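A.B. asks: Below you will find the structure I want to go over with you.
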Amino acid sequence: MADTLPIVTPARHQPRGLRAVLRRPMFWLPAAVLMLFIAMALLPAPFAGIFGNGDPRACNLADSAAGPRPGHPFGFDLQGCDLWANAVYGAQASITVGVVATLIALGIAIVLGTLAGLRGGVVDWLISRATEVFLGFPFLLAAIVVLNSVGERTVWTVSLVLGVFGWPTMARLMRASVRSIRSSEYVLAARTMGLGPARIISRYVLPNSLSPVFILATIAIGAVIVAESSLTYLGIGLQPPAISWGLQIAAGSRIFQSAPHVLLLPSGFLAATVLSVIVLGDALRAGSDPRRLQ
């Protein structure tokens, strides 16, 4: 008798909303900007060599904070290094921290949120209390305390710290999403069919719970990039000889009044990346809620 019961599948409204999003310029414009910066992070050498000087470490103190000149249209930084080449190579560290830290936070959130949403009871209570504890610490303050005790602050250590403290909001959203899915008709039908918990989770619960968490994670990438730049500006994030937008902004802020051009390029790259991530995340959120497309 159980073998003849149909499995009710969820109504699929999201593809229609996503198709509407794909027709909007406010999706493709930030997506194109992000793809440009990602390409810049993956292949910095060709982009850095566009204006003739592709080596960010070819520095001459005689050119310290000098203005634009042929072959160096954006001028030089405090160390006499080409600003354009440094900004291009800085994309690699800043975007890597944003993506890796968000993936770490997303992985923790998916595991804990799924356990809390499915199991309930004591497991849900323990995970909820742990989430509240982490939310009780200001994000940047917690990262400052931990990074101050770390010997060498590299891209990977900074990403790990930011990821460990960045999961609570996503975990709460994942828990709420799983709780709404677990009592749906198609999950109850799957249980009636005798499917095991692992198959129900992998085939029904996770695919229909992850969409809002992925959208939040997309927006969180921009927040992590800003956090890394803020920590580096305070002297607690990445350290030389690493090259990042945060390090360039920190160096440029010291001579902004006499040489404002040193600060403008890395700040512009950072602002363009974060704004594109936020606009893209908002467009994807609209795609998941067709009412916002009307």
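1255 is the number of the first residue of the sequence shown in our numbering; add one for each residue after it. Idealized CB from N, CA, C, for every residue including glycine. Note that the structure is a prediction, hence the values are computed from the model and not measured.
Terminal residues of the continuous alpha helix (DSSP H) containing Ile1566?
C.D. replies: The displayed coordinates of the chain run from 1255 to 1548. Any statement about residue 1566 would go beyond what the structure contains.
A.B. asks: Using DSSP with H/G/I as helix, E/B as strand and the rest coil, what is Asp1336?
C.D. replies: The residue labelled residue 1336 in the question sits at position 82 within the sequence shown. If DSSP states are grouped into helix, strand and coil, Asp1336 belongs with the strands.
A.B. asks: Could you compute how far the alpha carbon of Val1387 sits from the alpha carbon of Pro1327?
C.D. replies: Your numbering for residue 1387 matches position 133 in the sequence shown. Your numbering for residue 1327 matches position 73 in the sequence shown. Distance between the alpha carbons of Val1387 and Pro1327 is about 49 Å.
A.B. asks: Any idea which residues DSSP pairs Phe1330 with across the strands?
C.D. replies: Taking the first residue of the sequence shown as 1, we reach residue 1330 at position 76. DSSP lists Asp1336 as partners of Phe1330.
A.B. asks: Quick one: using the 10 Å Cβ neighbour count with 16 as the cut-off for buried, is Asn1402 buried or exposed?
C.D. replies: Reading the sequence shown from its first residue, position 148 is the one you call residue 1402. It counts as exposed.
A.B. asks: From the DSSP output, in three-state form, read off Arg1429 for me.
C.D. replies: Counting from one through the sequence shown, the residue named residue 1429 turns up at place 175. Residue state, collapsed to three classes: helix.
A.B. asks: Check whether the region 1477-1495 and the region 1313-1320 touch, using three or more Cβ-Cβ pairs below 8 Å as the test.
C.D. replies: No: fewer than three Cβ pairs fall under 8 Å.
A.B. asks: Do Pro1310 and Ile1497 count as a contact pair if the criterion is CB distance below 8 Å?
C.D. replies: Position 243 of the sequence shown, counted from the start, is the residue given in the question as residue 1497. Position 56 of the sequence shown, counted from the start, is the residue given in the question as residue 1310. Yes, these two residues count as a Cβ contact at 8 Å.
A.B. asks: Please report the Cβ distance between Ser1413 and Ile1358, rounded to the nearest whole angstrom; I am assuming they are in contact, meaning their Cβ atoms lie under 8 Å.
C.D. replies: As a first step, residue 1413 must be located in the sequence shown, where it is residue number 159. As a first step, residue 1358 must be located in the sequence shown, where it is residue number 104. About 7 Å separates the two Cβ atoms, so the contact holds.
A.B. asks: Helix, strand or coil for Arg1539, going by three-state DSSP, please let me know.
C.D. replies: Taking the sequence shown and counting its residues from 1, one reaches residue 1539 at position 285. It is helical.
A.B. asks: Taking contact to mean at least 3 C-beta pairs separated by less than 8 Å, is the region 1445-1458 in contact with the region 1378-1392?
C.D. replies: Output reads no: the region 1378-1392 does not touch the region 1445-1458.
A.B. asks: Please report how far the alpha carbon of Pro1544 lies from the alpha carbon of Ser1465, in whole angstroms.
C.D. replies: If you number the sequence shown from 1, residue 1544 lands on position 290. If you number the sequence shown from 1, residue 1465 lands on position 211. The predicted position of Pro1544 is uncertain, since its pLDDT is 48 and thus under 50; no value can be drawn from it.
A.B. asks: One question on the structure: do Arg1539 and Ile1469 come within less than 8 Å of each other, judged by their Cβ atoms?
C.D. replies: Within the sequence shown, numbered from 1, the residue matching residue 1539 stands at position 285. Within the sequence shown, numbered from 1, the residue matching residue 1469 stands at position 215. Closer than 8 Å, so yes.
A.B. asks: Which of helix, strand or coil does DSSP assign to Ala1407?
C.D. replies: Position 153 of the sequence shown, counted from the first residue, corresponds to residue 1407. Going by the sequence as given, residue 1407 is Arg instead of Ala. Note: Arg1407 maps to coil in three-state DSSP.
A.B. asks: Checking 8 Å against the spacing of the C-beta atoms, do Ala1345 and Ala1295 come in under that value?
C.D. replies: By 1-based counting over the sequence shown, the position of residue 1345 is 91. By 1-based counting over the sequence shown, the position of residue 1295 is 41. Yes; because the gap between Cβ atoms is below 8 Å, this pair is in contact.
A.B. asks: Indicate whether the contact test is met: 3 or more Cβ pairs, each with one atom in the region 1347-1355 and one in the region 1490-1508, closer than 8 Å.
C.D. replies: They touch, by the three-pair rule.
A.B. asks: With a threshold of 16 other CB atoms inside 10 Å of the CB of Asn1314, please say whether the residue is buried or exposed.
C.D. replies: Position 60 of the sequence shown holds residue 1314. With fewer than 16 Cβ atoms within 10 Å of its Cβ, Asn1314 is classed as exposed.
A.B. asks: Report yes if the CB atom of Gln1502 is closer than 8 Å to the CB atom of Pro1520, and no otherwise.
C.D. replies: The residue labelled residue 1502 in the question sits at position 248 within the sequence shown. The residue labelled residue 1520 in the question sits at position 266 within the sequence shown. Cβ atoms of Gln1502 and Pro1520: closer than 8 Å.
A.B. asks: Using only alpha-carbon positions, find the residue among Gly1506, Ala1285, Gln1511, Leu1534 that is nearest to Gly1522.
C.D. replies: Residue mapping note: residue 1522 aligns to position 268 of the sequence shown, counting from 1. Nearest option by C-alpha distance: Gly1506.
A.B. asks: Tell me whether the region 1369-1378 and the region 1391-1402 touch, counting them as touching only if at least three CB pairs, one residue from each stretch, are closer than 8 Å.
C.D. replies: Segments in contact, no.
A.B. asks: For Ser1431 and Arg1323, I'd like the C-alpha separation in whole angstroms.
C.D. replies: Position 177 of the sequence shown holds residue 1431. Position 69 of the sequence shown holds residue 1323. Approximately 55 Å between the Cα atoms of the pair.
A.B. asks: Could you tell me which residues DSSP pairs with Arg1323 in its beta bridges?
C.D. replies: Translated into positions along the sequence shown, residue 1323 becomes position 69. His1326, per the DSSP bridge assignment.
A.B. asks: With Gly1476 as the anchor, note down where its alpha helix (DSSP H) starts and where it stops.
C.D. replies: Residue 1476 sits at position 222 when you count from the first residue of the sequence shown. Here the alpha helix (DSSP H) through Gly1476 covers 1460-1487.
A.B. asks: Using C-beta distances below 6 Å, list every residue in its chain close to Thr1368, excluding the 5 sequence neighbours before and after it, in chain order.
C.D. replies: Within the sequence shown, residue 1368 is the residue found at index 114, counting from 1. Result list for Thr1368: Val1432, in chain order.
A.B. asks: Thinking Ala1397 and Phe1419 are a contact (beta carbons under 8 Å), I'd like their distance in whole angstroms, please.
C.D. replies: For the purposes of this step, residue 1397 is identified with residue 143 of the sequence shown, where counting begins at 1. For the purposes of this step, residue 1419 is identified with residue 165 of the sequence shown, where counting begins at 1. With 8 Å as the limit, Ala1397 and Phe1419 qualify as a contact, their Cβ atoms being about 6 Å apart.
A.B. asks: Along the chain, where does the alpha helix (DSSP H) that runs through Ser1507 open and close?
C.D. replies: Here the question's residue 1507 lines up with position 253 in the sequence shown. Segment 1499-1507, the alpha helix (DSSP H) holding Ser1507.
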